[in-house]
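Please read the structure below before turning to the comments.
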Amino acid sequence: MRIDVLTIFPGMFSGPLDESIIKRAREKGILEINLIDIRAFSQDKHRSVDDYPYGGGPGMVMRPEPIFLAVEACIPLGGSSPEIILLTPQGERFNQRLAGELAGQEHLILICGHYEGVDERVRQALVTREISIGDYVLTGGELPAMVIIDAIARLLPGVLGAPEGTAEDSFSWGLLEYPQYTRPRIFRGMEVPPVLLSGNHEEIRLWRRRQALKRTWQRRPDLLEVANLSQEDRRLLAEVVSEGDA
Ligand code: 9D3
């Protein structure tokens, strides 16, 4: 997969995309990330990328020309048309479903918005979808672009090692995880639940499932509304709810 990122702050991307799993995905050639400095496509002598809003008002607006030229430079002649995504607080909320959808594309162009926004004609004539990563105010689209790249990268075939922890079964999907422990068995007086040392795999499975359901019920009851629960899950959940403890 190829991802072109258009930004006025390409330096912000050094680090997060050069480490760990994304670094390896790039080295393996599974993921190609190109950082494009929008300012390099500004034609005026001051290399300006923003201007005053027509009609007045506070702040600045990103000029259309450098963005159009940068996007056009990314579109291969006679190739399949890339998805052109504007990162903006006004976009569709990013989630795992959208990550999966985007991971199926051959070529993405991510445009990082800034200032008070981008000229509306970028939306009108260039952008194929708009994405927000959540309801909080950031300074620009750069961190959202990195979040989206990270979520997509781990879904690309061959990026994660064994597709064991990757492809969660339909039952685990959308539940919070059960508590995990490693050595030592007693750390600063806090003990590992004995069931995990019992060697009884069925007991362990039931305990973990119960813990996952309990945690989800306590912290994210909204997830249980849409979760795919088995008969056994419903029984365990009913126990957890009737207990009503912490
Ligand atoms: C002060 C300007 N705001 C007026 C209500 C709108 C605004 C525009 C641009 C607020 C923040 C930003 C910068 N943020 C993004 O470009 C952005 C973003 C975000 O702030 N939160 C969640 N997802 C995203 S995606 C892009």
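Residue numbers (this note's numbering): 948 to 1193. For each residue, glycine too, the CB sits at the ideal point set by N, CA and C. This one's a predicted model, so the numbers in the text were calculated from it and none came from an experiment.
Cα atoms of Leu964 and Asp1097: separation of roughly 8 Å, rounded to the nearest angstrom.
Exposed is the label assigned to Phe1134, since fewer than 16 other Cβ atoms lie within 10 Å of its Cβ. Between the C-alpha atoms of Glu1190 and Trp1120 there is a straight-line separation of about 25 Å. When the beta-carbon positions are compared, Ile969 and Cys1021 stay at least 8 Å from each other. Linking Ile950 to Gly1047 through their CA atoms gives a straight-line distance of about 15 Å. Look at Val996: its beta carbon is at least 7 Å from all of the heavy atoms in the ligand 9D3. Assigned with DSSP and collapsed to three states, Met1009 falls in strand. Distances from the alpha-carbon of Gly962 to those of Leu1090, Ala987, Leu1024 and Asp1082 put Leu1090 closest. Rounded to whole angstroms, the gap between the alpha carbons of Gly1006 and Asp1066 is 13 Å.
Less than 8 Å divides the Cβ of Ile1078 from the Cβ of Ile1032.
No Cβ-Cβ contact shorter than 8 Å links Phe956 with Met1093. Ranked by how close their Cα comes to the Cα of Tyr1125, the residues Leu1153, Leu1016 and Pro1168 have Leu1153 in first place. A distance below 6 Å between beta-carbons, with the five flanking residues on each side excluded, links Arg1155 to the following residues of its chain, in chain order: Tyr1125.
Annotation: Asp1082 to Glu1039 spans about 11 Å, alpha carbon to alpha carbon.
Within the same chain, and ignoring the five residues on either side of Arg1101 in sequence, the residues whose Cβ sits closer than 7 Å to its Cβ are Ile968 and Leu1107.
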